[in-house]
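So for the sequence shown, our numbering puts the first residue at 3; every next one is plus one. Glycine residues also receive a C-beta, built at the ideal position from the N, C-alpha and C atoms. Note that the structure is predicted; figures quoted are calculated from it, not measured.
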Amino acid sequence: MKRISSVLLTICATAAIAVTAAAVTAAPPAPTDDAVTARGAGATMDDDDEDLGPCKHGDFKTQLVKDACAEGGQLAAKQVMKRFVKDAKKKLAVGNVNCNTCHDELAPEYTLKDDGLARFEEWQKRLAAKKAAPAE
Ligand code: HEC
3 MKRISSVLLT ICATAAIAVT AAAVTAAPPA PTDDAVTARG AGATMDDDDE DLGPCKHGDF
63 KTQLVKDACA EGGQLAAKQV MKRFVKDAKK KLAVGNVNCN TCHDELAPEY TLKDDGLARF
123 EEWQKRLAAK KAAPAE
């Protein structure tokens, strides 16, 4: 009798593990990217987009911002940044972050904090990994 109950216990435990594993693998697929408008990201932004000129950073470390600046100056950079932050908030557990998480100051210089670039690269890597395996 003792033997049977211990076998049953093992079966139950195995089933419980299987159920847990299934729940983990069955995580909902990452939400599809929705269109983000320039003003739709909900960041703490001033509204003087019309006055923005070319980007201030000379030596770009990220392709994302470099391309945006080349195409549309600071306004375009702001837009990709907003989308990036929104994406990170939605898909990574980064908490309640905003532009000042990485920037000491916003317009017009957008100076970076010491760890601003590292943080950006980390999020970008994690977002790319999510994209590659959405149902991870
Ligand atoms: C995770 C960190 C991070 C967050 C959060 C972040 N930024 Fe950035 N931002 C950067 C980095 C890093 C650069 C410089 C990229 C480079 O050197 O290629 C940058 C550059 C920029 C630039 C270009 C500045 C210039 O003139 O050269 C703008 C504009 C900008 N960010 C706006 C924003 C706005 C607006 C937000 C909030 C919606 C934001 N950033 C949030 C990391 C961040």
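Excluding the 5 residues flanking it on each side, GLY97 has no same chain C-beta neighbour closer than 7 Å. As computed with DSSP, HIS105 is found in a beta bridge with LEU114.
Residue state for LEU54 is assigned as coil, using DSSP reduced to three classes. Near the ligand HEC, meaning a Cβ closer than 5 Å to any of its heavy atoms, lie the following residues in chain order: ALA45, CYS57, LYS58, HIS59, PHE62, LYS63, THR64, VAL67, GLN76, ALA79, LYS80, MET83, LYS84, VAL87, CYS101, THR103, CYS104, TYR112, GLY118, LEU119, ARG121 and PHE122. Per the coordinates, the alpha-carbon of ALA120 lies some 24 Å from the alpha-carbon of PRO56.
Sequence-distant Cβ neighbours of LEU94 in its own chain, meaning closer than 8 Å and more than five residues away, are TRP125, ARG128, LEU129 and LYS132. Per DSSP, reduced to three states, the secondary structure at VAL99 is coil, with no helix or strand assignment. Between VAL82 and VAL67, the C-beta gap is smaller than 8 Å, which places the two residues in contact. Counting along the chain, LYS80 sits inside the alpha helix (DSSP H) bounded by residues 65-93. Here LEU114 is actually not in contact with CYS101; their C-beta atoms are around 11 Å apart, not less than 8 Å.
Judged by their CB atoms, ALA79 and ALA70 are nearer to each other than the 8 Å cut-off. For the pair GLY75 and LEU108, the CB atoms are not nearer than the 8 Å cut-off.
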